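Trainee: Pasting a structure below so you can have a look.
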Amino acid sequence: MVSLLSRRGLLLLPLILLAGCNTVVMNPSGDIASQQGRLIVVSTILMLLIIVPVIALTIWFAWRYRKNNTAARYEPDWDHSTQLELVIWGAPLLIIIALGLLTWISTHTLDPYRPLSRLDANRPIPADTKTLTVEVVALDWKWLFIYPEQGIATVNELAAPVDMPIRFKITSSAIMNSFFIPALAGQIYAMPGMQTSLNAVINRPGEYDGFSANYSGAGFSDMKFKFHGMTAENFDNWVKTTKAASAKLDRADYLQLEKPSEKEPVRYYGAVDPSLYHAILNRCIEPGQMCMDQMMAADGGHSMAGHQAKDHE
9 MVSLLSRRGL LLLPLILLAG CNTVVMNPSG DIASQQGRLI VVSTILMLLI
59 IVPVIALTIW FAWRYRKNNT AARYEPDWDH STQLELVIWG APLLIIIALG
109 LLTWISTHTL DPYRPLSRLD ANRPIPADTK TLTVEVVALD WKWLFIYPEQ
159 GIATVNELAA PVDMPIRFKI TSSAIMNSFF IPALAGQIYA MPGMQTSLNA
209 VINRPGEYDG FSANYSGAGF SDMKFKFHGM TAENFDNWVK TTKAASAKLD
259 RADYLQLEKP SEKEPVRYYG AVDPSLYHAI LNRCIEPGQM CMDQMMAADG
309 GHSMAGHQAK DHE
């Protein structure tokens, strides 16, 4: 009796463990994440078309040709079957072709740099819809969000209106990191001196988790933030409330904020230096530093002059 209960308990253990899992990746609130979730499901089903029969046949062969089954046919001289070869090679080939086609299409459709073409599966983007731009900076160990059009900035809190396309411009202050809101879209890397992009949209109001998905040192575990999907009216109120904050984020304040710190509380900046993100991206925050884009332009100009002089000779 005890043994039977133990066996049943072991069978139910995976279900009990899964019951506590956060399945937001498979039940997201943003269209891009929804498409990515469906891609995972379809890819898994296609792969299971091979995996399940192989496992089933392995078990069947082990049982069918067990030692004490004297009724099983014994054919030591058998070595080939054209029909069996067609199944063994044809089925995986068809699955690989289907997966390759699916991957090629989805790679282009879900390119994070590609502007959105729809709000969800049933709604294209109206012609007069505005795009919200958010500049994201991964710091040690916190997130800075700059809203250039609204002239505000926040630390460890992000907000956006429902059904409005969002374009994230993403960089890092010092080391490589990864920006990830599972309910919104897949993770995108943040790298110092480089800019990555993500286009996404949130379709349902709510509070969603965002975090760093790339280990970046001691404070990595607490490098989290909340993403608020809001109605347009609530977002406007949130912007007004943030603008009312007395703090202003300029280059001197940023240099203090940039210093490594853990478990940082949410901060609001009612005003922000318009050139701050450009300076962070091009690594010229401190006075007297030449920006990377200026340096490359200067090097390119010298290189071009050298080529022209050589051609002239």
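According to our numbering, the stretch in the sequence shown is residues 9 to 321, in order.
C-beta: ideal position from N, C-alpha, C; glycine also.
This one's a predicted model, so the numbers in the text were calculated from it and none came from an experiment.
Decide yes or no for the touch test of the region 268-286 against the region 157-170: beta carbon pairs closer than 8 Å, at least 3 of them.
Mentor: Touching, yes, given that three or more Cβ pairs across the two stretches are closer than 8 Å.
Trainee: Give the single residue among Gln44, Ala168 and Ala80 whose Cα lies nearest to the Cα of serine 114.
Mentor: Taking the first residue of the sequence shown as position 1, residue 114 is located at position 106. Per the Cα distances, Gln44.
Trainee: Could you tell me whether the Cβ atoms of leucine 289 and glutamine 195 are closer together than 7 Å?
Mentor: If you number the sequence shown from 1, residue 289 lands on position 281. If you number the sequence shown from 1, residue 195 lands on position 187. No, Cβ-Cβ distance for leucine 289 and glutamine 195 is not below 7 Å.
Trainee: Check for me: the alpha helix (DSSP H) holding leucine 265 runs from which residue to which?
Mentor: Within the sequence shown, numbered from 1, the residue matching residue 265 stands at position 257. Residues 259-265.
Trainee: Taking leucine 124 as the reference, give the member of Met172, Glu266, Met298 and Thr239 with the closest Cα.
Mentor: Mapped onto the sequence shown, residue 124 falls at position 116. For the residues Met172, Glu266, Met298 and Thr239, the minimum Cα distance to leucine 124 belongs to Met172.
Trainee: Between the C-alpha atoms of lysine 251 and valine 280, what's the straight-line distance to the nearest angstrom?
Mentor: Sequence index remark: in the sequence shown, residue 251 carries index 243 (1-based). Sequence index remark: in the sequence shown, residue 280 carries index 272 (1-based). Rounded to the nearest angstrom, the two C-alpha atoms are 10 Å apart.
Trainee: Check the C-beta distance from alanine 99 over to isoleucine 58 and give it rounded, since I have them as a contact under 8 Å.
Mentor: The count along the sequence shown starts at 1 and reaches residue 99 at position 91. The count along the sequence shown starts at 1 and reaches residue 58 at position 50. Going by Cβ atoms, the distance from alanine 99 to isoleucine 58 rounds to 6 Å, so yes, they are a contact pair.
Trainee: Would you mind stating whether isoleucine 210 and valine 170 have Cβ atoms separated by less than 7 Å?
Mentor: On the sequence shown, position 202 is the one that residue 210 refers to. On the sequence shown, position 162 is the one that residue 170 refers to. Yes, the Cβ-Cβ distance between isoleucine 210 and valine 170 is below 7 Å.
Trainee: How would you call asparagine 77, buried or exposed, if buried means at least 16 neighbouring beta carbons within 10 angstroms?
Mentor: Position 69 of the sequence shown holds residue 77. Asparagine 77 comes out exposed.
Trainee: Would phenylalanine 176 and alanine 221 qualify as a contact pair, given that the criterion is a beta-carbon distance under 7 Å?
Mentor: As a position in the sequence shown, residue 176 is number 168, starting the count at 1. As a position in the sequence shown, residue 221 is number 213, starting the count at 1. Against a cut-off of 7 Å, the Cβ pair of alanine 221 and phenylalanine 176 comes out as no contact.
Trainee: Rounded to whole angstroms, what is the Cα-Cα separation between valine 62 and leucine 101?
Mentor: Taking the sequence shown and counting its residues from 1, the one referred to as residue 62 is at position 54. Taking the sequence shown and counting its residues from 1, the one referred to as residue 101 is at position 93. Looking at the two C-alpha atoms, the distance is approximately 15 Å.
Trainee: Following the continuous beta strand (DSSP E) through methionine 238, name the residue where it begins and the one where it ends.
Mentor: If you number the sequence shown from 1, residue 238 lands on position 230. Residues 232-238.
Trainee: Taking C-beta to C-beta, are alanine 226 and glycine 38 nearer than 7 Å?
Mentor: Taking the first residue of the sequence shown as 1, we reach residue 226 at position 218. Taking the first residue of the sequence shown as 1, we reach residue 38 at position 30. Taking 7 Å as the Cβ cut-off, alanine 226 and glycine 38 do not qualify as a contacting pair.
Trainee: What residues in its chain sit with their C-beta under 8 Å from that of tyrosine 82, if we drop five residues either side in the sequence?
Mentor: In the sequence shown, counting from the first residue as 1, residue 82 sits at position 74. So the list is empty, once near-sequence residues are dropped.
Trainee: Taking DSSP's pairing of strands, which residues face aspartate 275 in a bridge?
Mentor: Along the sequence shown, read from residue 1 onward, the residue named residue 275 stands at position 267. The sequence given here places arginine at residue 275; aspartate does not occur at that position. Beta-bridge pairing links arginine 275 to Val163.
Trainee: Provide the residue span of the beta strand (DSSP E) that contains valine 145, from first to last.
Mentor: Within the sequence shown, residue 145 is the residue found at index 137, counting from 1. That run of the beta strand (DSSP E) goes 140-147.
Trainee: Under 6 Å Cβ to Cβ from tryptophan 151, same chain only, skipping five residues before and after it: list those, please.
Mentor: Stepping through the sequence shown from its first residue, residue 151 is reached at position 143. Here the set comprises Asn164 and Phe233.
Trainee: Take glycine 201 and list the residues in its own chain whose beta-carbon comes closer than 8 Å to its own, dropping the five residues that flank it on each side.
Mentor: For the purposes of this step, residue 201 is identified with residue 193 of the sequence shown, where counting begins at 1. Closer than 8 Å at Cβ, skipping near neighbours: Thr179, Leu289, Asn290, Arg291 and Met300.
Trainee: Is it the case that the Cβ atoms of valine 247 and glutamine 158 are separated by a distance below 7 Å?
Mentor: Indexing the sequence shown from 1 puts residue 247 at position 239. Indexing the sequence shown from 1 puts residue 158 at position 150. The answer is yes: Cβ separation under 7 Å.
Trainee: Does DSSP classify glutamate 241 as helix, strand or coil?
Mentor: Reading the sequence shown from its first residue, position 233 is the one you call residue 241. Three-state result, glutamate 241: helix.
Trainee: How many angstroms separate the CA atom of lysine 271 from the CA atom of glutamate 143?
Mentor: Taking the first residue of the sequence shown as position 1, residue 271 is located at position 263. Taking the first residue of the sequence shown as position 1, residue 143 is located at position 135. When rounded, the distance between both Cα atoms is 21 Å.
Trainee: If you reduce the DSSP assignment to three classes, tell me which class tyrosine 223 lands in.
Mentor: Taking the first residue of the sequence shown as position 1, residue 223 is located at position 215. The answer is coil: DSSP assigns tyrosine 223 none of H, G, I, E or B.
Trainee: If you compare alpha carbons, which of Ser205, Leu107 and Asp217 is closest to aspartate 230?
Mentor: Translated into the one-based positions of the sequence shown, residue 230 becomes position 222. When each option's Cα is compared against that of aspartate 230, the closest is Asp217.
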